[in-house]
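Notes to accompany the following structure.
Protein chains: 2
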Amino acid sequence: MNIDSIFQAAQTAFLDYKNLSGKEKGHFLETLAEILESNRAAIVPLAVRESNLPEGRINGELGRTTGQIRLFANLVKEGSWVEATIDPAMPDRSPLPRADIRRILTPLGPVVVFGASNFPLAFSTAGGDTISALAAGCSVVYKAHPAHPETSRKVAECIQQALSACGLPSAIFTHVEGGIAEGQALVKHPLAKALAFTGSHAGGMALFHLANQREVPIPVFAEMGSVNPIFCFPQKLEKENDTLAKAFVASLTLGAGQFCTNPGLIFVPEKQAQNFELAIAAELHAIAAAPMLHEGIAKAYYDSIQALEARNELRWVKVADPKHLINGSPALAEIKAADWLKHPLFHQEVFGAFGLMVVYRDHAELLDIAQQLEGQLTITVWAELEELKNNLTLVNLLQEKCGRLLFKGAPTGVEVGHAMQHGGPFPSTTASQTTSVGSYAIKRFARPIAFQDMPQELLPEALMDANPLGIWRTVNGVMTMK
Amino acid sequence: MNIDSIFQAAQTAFLDYKNLSGKEKGHFLETLAEILESNRAAIVPLAVRESNLPEGRINGELGRTTGQIRLFANLVKEGSWVEATIDPAMPDRSPLPRADIRRILTPLGPVVVFGASNFPLAFSTAGGDTISALAAGCSVVYKAHPAHPETSRKVAECIQQALSACGLPSAIFTHVEGGIAEGQALVKHPLAKALAFTGSHAGGMALFHLANQREVPIPVFAEMGSVNPIFCFPQKLEKENDTLAKAFVASLTLGAGQFCTNPGLIFVPEKQAQNFELAIAAELHAIAAAPMLHEGIAKAYYDSIQALEARNELRWVKVADPKHLINGSPALAEIKAADWLKHPLFHQEVFGAFGLMVVYRDHAELLDIAQQLEGQLTITVWAELEELKNNLTLVNLLQEKCGRLLFKGAPTGVEVGHAMQHGGPFPSTTASQTTSVGSYAIKRFARPIAFQDMPQELLPEALMDANPLGIWRTVNGVMTMK
Numbered sequence: 316m317n318i319d320s321i322f323q324a325a326q327t328a329f330l331d332y333k334n335l336s337g338k339e340k341g342h343f344l345e346t347l348a349e350i351l352e353s354n355r356a357a358i359v360p361l362a363v364r365e366s367n368l369p370e371g372r373i374n375g376e377l378g379r380t381t382g383q384i385r386l387f388a389n390l391v392k393e394g395s396w397v398e399a400t401i402d403p404a405m406p407d408r409s410p411l412p413r414a415d416i417r418r419i420l421t422p423l424g425p426v427v428v429f430g431a432s433n434f435p436l437a438f439s440t441a442g443g444d445t446i447s448a449l450a451a452g453c454s455v456v457y458k459a460h461p462a463h464p465e466t467s468r469k470v471a472e473c474i475q476q477a478l479s480a481c482g483l484p485s486a487i488f489t490h491v492e493g494g495i496a497e498g499q500a501l502v503k504h505p506l507a508k509a510l511a512f513t514g515s516h517a518g519g520m521a522l523f524h525l526a527n528q529r530e531v532p533i534p535v536f537a538e539m540g541s542v543n544p545i546f547c548f549p550q551k552l553e554k555e556n557d558t559l560a561k562a563f564v565a566s567l568t569l570g571a572g573q574f575c576t577n578p579g580l581i582f583v584p585e586k587q588a589q590n591f592e593l594a595i596a597a598e599l600h601a602i603a604a605a606p607m608l609h610e611g612i613a614k615a616y617y618d619s620i621q622a623l624e625a626r627n628e629l630r631w632v633k634v635a636d637p638k639h640l641i642n643g644s645p646a647l648a649e650i651k652a653a654d655w656l657k658h659p660l661f662h663q664e665v666f667g668a669f670g671l672m673v674v675y676r677d678h679a680e681l682l683d684i685a686q687q688l689e690g691q692l693t694i695t696v697w698a699e700l701e702e703l704k705n706n707l708t709l710v711n712l713l714q715e716k717c718g719r720l721l722f723k724g725a726p727t728g729v730e731v732g733h734a735m736q737h738g739g740p741f742p743s744t745t746a747s748q749t750t751s752v753g754s755y756a757i758k759r760f761a762r763p764i765a766f767q768d769m770p771q772e773l774l775p776e777a778l779m780d781a782n783p784l785g786i787w788r789t790v791n792g793v794m795t796m797k
Numbered sequence: 316m317n318i319d320s321i322f323q324a325a326q327t328a329f330l331d332y333k334n335l336s337g338k339e340k341g342h343f344l345e346t347l348a349e350i351l352e353s354n355r356a357a358i359v360p361l362a363v364r365e366s367n368l369p370e371g372r373i374n375g376e377l378g379r380t381t382g383q384i385r386l387f388a389n390l391v392k393e394g395s396w397v398e399a400t401i402d403p404a405m406p407d408r409s410p411l412p413r414a415d416i417r418r419i420l421t422p423l424g425p426v427v428v429f430g431a432s433n434f435p436l437a438f439s440t441a442g443g444d445t446i447s448a449l450a451a452g453c454s455v456v457y458k459a460h461p462a463h464p465e466t467s468r469k470v471a472e473c474i475q476q477a478l479s480a481c482g483l484p485s486a487i488f489t490h491v492e493g494g495i496a497e498g499q500a501l502v503k504h505p506l507a508k509a510l511a512f513t514g515s516h517a518g519g520m521a522l523f524h525l526a527n528q529r530e531v532p533i534p535v536f537a538e539m540g541s542v543n544p545i546f547c548f549p550q551k552l553e554k555e556n557d558t559l560a561k562a563f564v565a566s567l568t569l570g571a572g573q574f575c576t577n578p579g580l581i582f583v584p585e586k587q588a589q590n591f592e593l594a595i596a597a598e599l600h601a602i603a604a605a606p607m608l609h610e611g612i613a614k615a616y617y618d619s620i621q622a623l624e625a626r627n628e629l630r631w632v633k634v635a636d637p638k639h640l641i642n643g644s645p646a647l648a649e650i651k652a653a654d655w656l657k658h659p660l661f662h663q664e665v666f667g668a669f670g671l672m673v674v675y676r677d678h679a680e681l682l683d684i685a686q687q688l689e690g691q692l693t694i695t696v697w698a699e700l701e702e703l704k705n706n707l708t709l710v711n712l713l714q715e716k717c718g719r720l721l722f723k724g725a726p727t728g729v730e731v732g733h734a735m736q737h738g739g740p741f742p743s744t745t746a747s748q749t750t751s752v753g754s755y756a757i758k759r760f761a762r763p764i765a766f767q768d769m770p771q772e773l774l775p776e777a778l779m780d781a782n783p784l785g786i787w788r789t790v791n792g793v794m795t796m797k
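If you're matching them up, the sequences are chains S and L in order.
Start counting at 1 in the first sequence, then tack on 315, and there's your number in this note's numbering.
Start counting at 1 in the second sequence, then tack on 315, and there's your number in this note's numbering.
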């Protein structure tokens with residue numbers, strides 16, 4: 316099947332699918348969740364073998380995947396997500412009458428989704444991007460990640476089963492395999508209306524520029540990674556030295572450090588640094604090297620570490636052991652804030668379980684750090700309440716640099732809920748006004764349309780006077796369920 | 316003052332301004348509206364002289380400008396626009412506890428706004444883009460349109476008076492004059508966080524590519540124009556021939572045809588075409604040539620007309636009279652749909668009071684037209700209810716091509732309300748997921764941030780448990796005012 320036929324079919328399918336009710340779309344998504352669960356025994360071993368991730372993690376990830384699918388199913392069944400907004404006609408308004416204007420979110424069209432290697436289920440074939448696009452009413456042309464082709468094919472089969480069970484056209488979802496050239500061809504196709512991607516900075520930026528150079532540019536929702544710094548304050552460390560060291564190491568080494576929200580950078584005050592480092596080192600030495608997703612990622616990890624080892628600003632607390640090949644060996648180095656501030660190399664993500672501990676002198680240096688920090692998915696602040704109150708300027712500044720600001724715990728373990736924001740200022744994403752996790756992710760795949768003086772019987776149900784869907788709407792500027 | 320100092324000051328001002336309460340921002344905006352009104356006698360003659368637009372129109376536009384300002388003042392005083400979303404902690408959830416996560420929209424930072432020549436007040440210095448950015452909590456670096464420098468300076472003075480009256484830093488708004496080089500330098504500055512523009516396709520696309528080639532790309536909200544087609548159906552024309560001809564000509568020639576929503580294209584069925592054309596011609600001959608905004612625009616208008624006159628597919632119903640120089644002389648030509656479909660030239664906007672009447676044979680040709688149509692701000696359908704019901708496929712397809720779909724009246728006279736969508740698929744804008752008119756315009760200048768386990772007393776008021784602002788929020792996925 317060639318790419319043009321794929322998109323023609325995706326467009327035709329879309330023009331029907333977009334008019335499905337929320338209940339029908341929700342039913343399709345629920346059917347998919349059930350089919351995935353009933354295929355657990357087939358899917359899990361494939362994903363374990365292709366990703367090198369442990370079975371427990373993959374089992375959990377399948378649960379997360381179906382959990383996400385049900386979140387979006389419920390969202391579209393309830394229906395208020397479409398932001399229905401009604402300004403009824405005012406025929407007697409002076410000097411000019413007001414027309415009847417009704418606004419709703421409408422799906423974009425066929426969208427291209429690229430799978431992520433680090434989430435073979437939850438951010439791949441039936442992952443967050445695909446599902447939020449389908450929930451919005453888009454058809455999806457899915458580019459499988461070459462690191463887990465069999466897992467991807469199996470999940471794609473489940474999607475086809477669900478479409479078939481619901482009597483929906485198969486072209487609502489198309490599974491495409493291939494390399495860079497195939498991916499580029501998908502992004503270039505005139506019928507593609509948006510692009511979602513989770514992966515490396517280089518990959519994301521190549522697609523971003525490609526999409527912007529199209530005759531008709533399309534939005535690019537690329538989630539490209541982040542160093543996710545943790546800022547530690549003195550009193551907090553004095554009180555919770557060992558607990559925080561444990562929390563840091565657990566988050567840093569989770570899944571061999573291959574999470575988007577992996578905390579690769581930790582800022583520590585001079586006076587508490589030694590104690591904290593000792594506790595971290597003790598934890599870290601107990602963690603065995605763990606297999607990474609594939610050899611390319613392991614090689615990139617050790618190459619990045621080697622580049623850092625060549626710099627004499629760093630003191631190594633735990634060196635990585637490159638003899639491990641596919642296994643990622645956790646590593647930790649320390650650097651003075653003054654040196655960290657000087658070199659952009661030290662600000663960059665090392666994908667894997669490498670942590671950089673930056674030792675700062677004082678409040679002024681912290682402000683310099685915050686100023687220079689690049690955009691991040693997350694920033695974590697470990698401080699006593701008093702310390703926060705004494706550093707409001709810093710907290711204010713840190714909000715400019717991230718999509719999620721944490722005051723407890725670690726940034727890994729991204730909750731899939733309504734309030735989640737997973738997406739921050741560039742370079743962590745290309746679209747900081749959106750999220751790739753949580754129910755707001757659906758908004759990426761829709762745009763507003765206003766109907767002016769449309770006959771009642773032709774309006775989408777969400778905009779009819781009688782509010783037959785019983786959703787929340789903004790009428791004359793006021794939120795109401797009437 | 317150099318551009319770097321301007322942005323440094325705008326950034327410093329922003330870091331304070333963003334934390335103002337909705338009430339404080341609303342008070343500032345209301346103060347500005349009052350100051351603009353009290354300067355009406357000074358502003359109106361300047362704008363009339365610099366834009367060649369009639370006094371009645373400019374007086375009305377000032378009213379529209381202050382009306383917009385009050386719309387946004389009310390929006391931020393009420394406060395629910397920030398989409399406060401709260402997923403409270405679930406410490407006992409199994410297998411893992413849920414952290415407390417609270418999401419809110421936060422302003423982007425200093426934004427660059429380019430003024431529009433065709434709205435010297437409502438889309439210029441204190442126009443919709445500036446005001447929605449200020450309402451969101453952004454500081455604004457404003458690039459004045461060189462066609463109305465004195466008007467712009469005067470309005471900028473009013474903004475400074477309002478800032479000063481409210482005790483706010485002057486760098487919340489900076490007025491910059493200059494040409495293309497100055498505009499580009501603003502867009503390139505690292506502290507700029509977004510860009511709003513209303514103007515030509517060439518201008519908008521140059522800025523779009525510049526913004527995407529920055530080291531840190533920024534969103535570009537460019538509203539670049541549209542041909543705003545009207546689709547006429549036989550029965551409707553049979554019944555309302557003269558009324559519709561009047562409505563079309565009034566909309567086409569309003570403000571010398573210099574509105575973004577000017578209907579430059581009208582699709583007419585073969586059988587009714589002659590009668591309709593006669594009625595249009597009668598109306599059109601009664602309309603005198605009217606002065607355009609400036610000589611460059613008048614020259615571009617006549618150049619475009621000349622390019623069309625060179626094509627023998629067109630039959631001229633009313634020719635433009637180029638001896639009018641600055642005056643735009645209305646013109647109308649007719650073309651067969653089969654010819655229109657063949658040449659992209661006929662699909663393009665002619666900025667001014669030029670209308671192209673496209674005569675179609677049948678339903679199949681209408682579907683071809685809809686398929687080939689570029690993205691539009693608006694599409695209008697003039698049809699009887701029965702005709703709509705018999706053409707649902709067409710109506711479905713037209714929704715893919717526009718931001719606003721009208722079933723009565725004409726597309727000019729864009730209502731500034733809550734349900735308005737002014738922005739459509741490319742090339743009408745670079746950001747079809749946003750609007751530049753109406754209360755949703757504020758969302759362009761904000762992005763979501765989530766706070767995880769933030770101490771109550773440090774949370775923005777909109778996210779505190781007690782809901783001290785009394786706004787609508789989504790708590791555990793349910794809309795509530797509690």
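Where a beta carbon is used, it is the ideal one built from N, C-alpha and C, also for glycine.
Source: prediction; values computed, not measured.
For ASN706/L, DSSP records no beta bridge to any residue. Pairing HIS737/L with THR750/L gives a Cβ-Cβ distance under 7 Å. At a cut-off of 7 Å between C-beta atoms, GLN663/L does not count as an interface residue with respect to chain S.
Here DSSP, grouped into helix, strand and coil, assigns MET539/S to coil. If the five residues before and after ILE533/L are omitted, its C-beta is found closer than 7 Å to the C-beta atoms of ALA507, LYS508, ALA509, LEU510, ALA526, all from its own chain and listed in chain order. For GLU555/L, the uninterrupted alpha helix (DSSP H) segment begins and ends at 549 to 568. Nearest CB-CB separation between ARG719/S and chain L: below the 7 Å threshold. Within the segment 329 to 357 of chain S, the runs of alpha helix (DSSP H) at least 4 residues long that lie entirely inside it are, in chain order, 337 to 353. If you look at MET520/L, you'll find it in the alpha helix (DSSP H) that goes 516 to 527. Beta-bridge partners of TYR457/L (DSSP): VAL428/L, HIS490/L.
Counted as a single uninterrupted DSSP element, the alpha helix (DSSP H) harbouring GLU472/S occupies residues 464 to 480.
Taking a C-beta distance under 7 Å as the contact criterion, SER644/L and ALA596/L do not qualify as a contact pair. Restricting attention to alpha helix (DSSP H) runs no shorter than 4 residues, the segment 595 to 659 of chain L encloses them at 610 to 624, 652 to 657, ordered along the chain. Residues of the same chain with a CB within less than 8 Å of the CB of ASN782/L, apart from the 5 flanking positions on each side, are ARG788, MET796, LYS797 in chain order. Using a CB distance below 8 Å, no part of the segment 435 to 447 of chain S faces chain L. Excluding five sequence positions before and after ASP636/S, the CB atoms of its chain that fall closer than 6 Å to its own CB belong to SER644, given in chain order. In this chain, GLY670/S is not harboured by any alpha helix (DSSP H); it is covered by the beta strand (DSSP E) spanning 669 to 675. Taking a Cβ-Cβ cut-off of 8 Å, the neighbours of ILE764/S in chain L comprise GLN714, CYS717, GLY718, ARG719, LEU720, GLN736, given in sequence order. Residue pairing for THR421/S: DSSP places it in a beta bridge opposite ARG762/S. The alpha-carbon of THR693/L is positioned some 32 Å away from that of GLN499/S.
Within the same chain, and ignoring the five residues on either side of ALA399/L in sequence, the residues whose Cβ sits closer than 6 Å to its Cβ are ILE419, ALA777, LEU778, ARG788.
LEU713/S and ALA765/S have their alpha carbons spaced roughly 37 Å apart. Sequence-ordered contacts of the segment 739 to 753 of chain L with chain S read GLY739, PRO740, PHE741, PRO742, THR745, ALA746, SER747, GLN748, THR749, THR750, GLY753 [C-beta pairs closer than 9 Å]. Using a Cβ distance threshold of 7 Å, ILE581/L and ALA613/L do not count as a contacting pair. Per DSSP, GLY371/L is one residue of the alpha helix (DSSP H) stretching across 370 to 393. Put simply, the CB of LEU368/L is far from chain S, with every gap to its CB atoms at 7 Å or more. According to the DSSP assignment, ALA756/L belongs to no beta strand (DSSP E), since it is labelled neither H nor E. In the three-state scheme derived from DSSP, where H, G and I count as helix and E and B as strand, ILE786/S is classed as coil. Annotation: VAL673/L to LYS458/L spans about 39 Å, alpha carbon to alpha carbon. Beta-bridge analysis with DSSP links PHE512/S to ALA537/S.
From the beta-carbon of HIS733/S, the residues of chain L found nearer than 7 Å are THR400, ASP402, THR789, GLY792. By the C-beta density criterion, ARG719/S is buried, having at least 16 other C-beta atoms within 10 angstroms.
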